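In UniProt numbering, the protein residues as written are 1 to 419.
Step one of this worksheet: look at the structure below.
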Amino acid sequence: MDVWVGSETGLLKGVSVQRKQAVNFSLSSSGRLSRDQEVRCLCWYGPVEAQILVGAVDGIVRTFDVDKGAVTSTQRCGEPADGCFTGLGTLGSSLITCTEKGTVRVWDQEKDQPRTELRAGDQVHRMRVNPFLPHTVATGGRENPLKIWDLEKPLKPVFCAKNLRDTWLDLRQPHWIRDLVFTPKGQVLTCTAYHQVHLYDPLTPRRRPVLETVFGEAPLTALCLFDHTVAVASAQGQVALMDLRKLQVCGALRGVTGSVRSLTQHPSLPLIASCSLDRHLRIHSLTDRRLQHKVYLKSRLNCLLMSSSDPNAAASPLRVKEEEEEDEVWDCMESVHERGVQDEGAQEESAQDEGAQDGERPTLEDSNVVKDINVHVKDDGAHKDMHEAESAHKATAKPKRRTNSKKEQKPKRRKKGQD
Numbered sequence: 001m002d003v004w005v006g007s008e009t010g011l012l013k014g015v016s017v018q019r020k021q022a023v024n025f026s027l028s029s030s031g032r033l034s035r036d037q038e039v040r041c042l043c044w045y046g047p048v049e050a051q052i053l054v055g056a057v058d059g060i061v062r063t064f065d066v067d068k069g070a071v072t073s074t075q076r077c078g079e080p081a082d083g084c085f086t087g088l089g090t091l092g093s094s095l096i097t098c099t100e101k102g103t104v105r106v107w108d109q110e111k112d113q114p115r116t117e118l119r120a121g122d123q124v125h126r127m128r129v130n131p132f133l134p135h136t137v138a139t140g141g142r143e144n145p146l147k148i149w150d151l152e153k154p155l156k157p158v159f160c161a162k163n164l165r166d167t168w169l170d171l172r173q174p175h176w177i178r179d180l181v182f183t184p185k186g187q188v189l190t191c192t193a194y195h196q197v198h199l200y201d202p203l204t205p206r207r208r209p210v211l212e213t214v215f216g217e218a219p220l221t222a223l224c225l226f227d228h229t230v231a232v233a234s235a236q237g238q239v240a241l242m243d244l245r246k247l248q249v250c251g252a253l254r255g256v257t258g259s260v261r262s263l264t265q266h267p268s269l270p271l272i273a274s275c276s277l278d279r280h281l282r283i284h285s286l287t288d289r290r291l292q293h294k295v296y297l298k299s300r301l302n303c304l305l306m307s308s309s310d311p312n313a314a315a316s317p318l319r320v321k322e323e324e325e326e327d328e329v330w331d332c333m334e335s336v337h338e339r340g341v342q343d344e345g346a347q348e349e350s351a352q353d354e355g356a357q358d359g360e361r362p363t364l365e366d367s368n369v370v371k372d373i374n375v376h377v378k379d380d381g382a383h384k385d386m387h388e389a390e391s392a393h394k395a396t397a398k399p400k401r402r403t404n405s406k407k408e409q410k411p412k413r414r415k416k417g418q419d
């Protein structure tokens, strides 16, 4: 599978974009679909990409085995009262979770109590793990500024952003972080519900954004980064490409029609995948900005995860295998012409054997001649019978009376005055 997508109905969908096919995997033991098991977060468990961590609304993190196609283990990492998962990650063999209430926990395997717990404030909408420093996480939400935490020292955040500057009317600017991502240099890029994009640098003493820009008029919902290109998506289906060095719009990705829920980049190729409320999965190329793949997945989508395989070459080995199997099947089948020749030869051999055993018995050719003679005799008899029947019918039939049309014609009546 090239892309894994989580839906609102509690299904994990494995998508092969080359074939435009999706396989649904149920996360419940009973196999029933329920919105109580809505998938909110996905992440890889380990560098091998053999297992996926699935965070659902019910507060349970399930470990899904890609090869087996089934859930292998479950762990309760929160209660429904804590809110939905807003972030999911790994730290070695441990799990990192964050809920809407702002509780960040580190869980060891098969343990009911978290190893580390910290409070990041209420209404947290996104938590991300720094891929370059796995023990560092960042949180942000509605009226909850950007905070960077060191899980080894959870008592106090390493960085806490200040409020934005007031407007020229001395009015306070509201703040609502919807998504964030780490850069290779340790900076943090955020997008807000007020169509703003901010770049923070924790290494400088400045706690306000070092770069900021505005895109569109709709709330920004998702964000991803590939090299120096930033992809930003909005609630109106707009996806813009920005240059990270200047935060200037340098292009756009066309074709999205619904509110974008998630954006993710390919680990090594210049590809970006997006899922939106129009129930489509789309993959765009960053080189020419064209839509390469589009798959309809029938349900509303929340999050997605891309594997390291090449989507454009994933189905070629399977297609060659199918062609080889088809050729083998046709080679094993017997042609109609060969079968007819074999049947005729078998009939001739059987006729010769019977003739050798009984000299008076006619051969196959003699039997055919006899059949032809019988047919001709029958045809002559039938023709003779038909001729006799016609002659008898003529003899018994009454002759038609011939009338003279001139004699039987009634005289015309003369009009008065002609006499």
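Cβ atoms here follow ideal geometry from the backbone N, Cα and C, with glycine treated the same way.
Note that the coordinates shown come from a computational prediction; the quantities given were computed from them, not determined experimentally.
Buried or exposed: which applies to residue i, given that a residue is buried once 16 or more other Cβ atoms fall within 10 Å of its Cβ?
| i | result |
| --- | --- |
| Ser93 | exposed |
| Tyr296 | exposed |
| Pro184 | exposed |
| Ala252 | exposed |
| Phe132 | exposed |
| Leu203 | exposed |
| Asp2 | buried |
| His228 | exposed |
| Arg105 | buried |
| Arg119 | exposed |
| Lys406 | With a pLDDT of only 46 at Lys406, under 50, the local geometry of the prediction cannot be trusted, and no value is derived from it. |
| Gln173 | exposed |
| Val197 | buried |
| Cys250 | exposed |
| Val17 | buried |
| residue 420 | Examination of residue 420 is not possible in this model, given that the chain is present from 1 through 419 alone. |
| Val210 | exposed |
| Pro267 | exposed |
| Ala70 | exposed |
| Val48 | exposed |
| Cys191 | buried |
| Arg282 | buried |
| Leu171 | exposed |
Could you give the distance in angstroms between the alpha-carbon of residue i and the alpha-carbon of residue j?
| i | j | result |
| --- | --- | --- |
| Pro205 | Gly186 | 14 Å |
| Leu286 | Leu271 | 6 Å |
| Leu12 | Val61 | 13 Å |
| Val256 | Lys111 | 42 Å |
| Lys246 | Leu199 | 10 Å |
| Lys162 | Gly237 | 30 Å |
| Trp4 | Leu53 | 11 Å |
| Ser23 | Ser274 | Sequence check: residue 23 is Val here, not Ser. Looking at the two C-alpha atoms, the distance is approximately 18 Å. |
| Ser316 | Asp108 | Because Ser316 sits at a pLDDT of 48, beneath the cut-off of 50, its placement in the model cannot be relied upon, and the following sentence gives the value as read from the coordinates. Spanning the two alpha carbons is a distance of roughly 40 Å. |
| Glu8 | Leu169 | 42 Å |
| Lys147 | Arg19 | 42 Å |
| Arg128 | Pro134 | 10 Å |
| Cys303 | Glu38 | 11 Å |
| Phe215 | Ser308 | 30 Å |
| Gly10 | Met242 | 34 Å |
| Gly59 | Gln113 | 14 Å |
| Ala218 | Thr72 | 41 Å |
| Leu244 | Ser29 | 45 Å |
| Tyr45 | Gln51 | 5 Å |
| Cys77 | Val15 | 28 Å |
| Leu155 | Gln248 | 37 Å |
| Glu79 | Lys101 | 11 Å |
Between the beta-carbon of residue i and the beta-carbon of residue j, is there less than 8 Å?
| i | j | result |
| --- | --- | --- |
| Ala235 | Ser259 | yes |
| Asp179 | Arg142 | no |
| Leu33 | Gly6 | no |
| Cys98 | Thr136 | no |
| Asp36 | Val57 | yes |
| Val158 | Asn144 | no |
| Leu164 | Arg207 | no |
| Val181 | Leu225 | yes |
| Phe85 | Arg115 | no |
| Leu223 | Leu189 | yes |
| Leu88 | Gly55 | yes |
| Leu305 | Thr264 | yes |
Would you list the residues sitting across from residue i in a DSSP beta bridge?
| i | result |
| --- | --- |
| Gln196 | Val214 |
| Asp179 | Cys191 |
| residue 421 | This structure does not reach residue 421, given that the chain is present from 1 up to 419, and the question cannot be answered. |
| Cys98 | Gly87 and Val104 |
| Gln248 | Asp243 |
| Thr9 | Answer by DSSP bridge pairing: none, since Thr9 is not bridged. |
| Glu77 | It is Cys, not Glu, that sits at residue 77 in the sequence shown. None; Cys77 has no bridge partner. |
| Arg119 | Thr103 |
| Val232 | Leu223 and Ala240 |
Suppose only complete runs of 4+ residues qualify. What are the alpha helix (DSSP H) ranges in the segment 200 to 224, listed by chain order?
none
Run through the segment 19 to 75 for me and flag every whole beta strand (DSSP E) of 3 or more residues, listed as ranges in chain order.
21 to 26, 39 to 44, 51 to 56 and 60 to 65
Jot down the residue ranges of each uninterrupted beta strand (DSSP E) in the segment 257 to 300, minimum 3 residues, whole runs only, in chain order.
260 to 265, 271 to 276, 280 to 285 and 291 to 296
Uninterrupted beta strand (DSSP E) stretches inside the segment 124 to 178 (no shorter than 3 residues):
Counting whole runs of 3 or more residues, the segment 124 to 178 contains the beta strand (DSSP E) stretches 124 to 129, 136 to 141 and 144 to 150.
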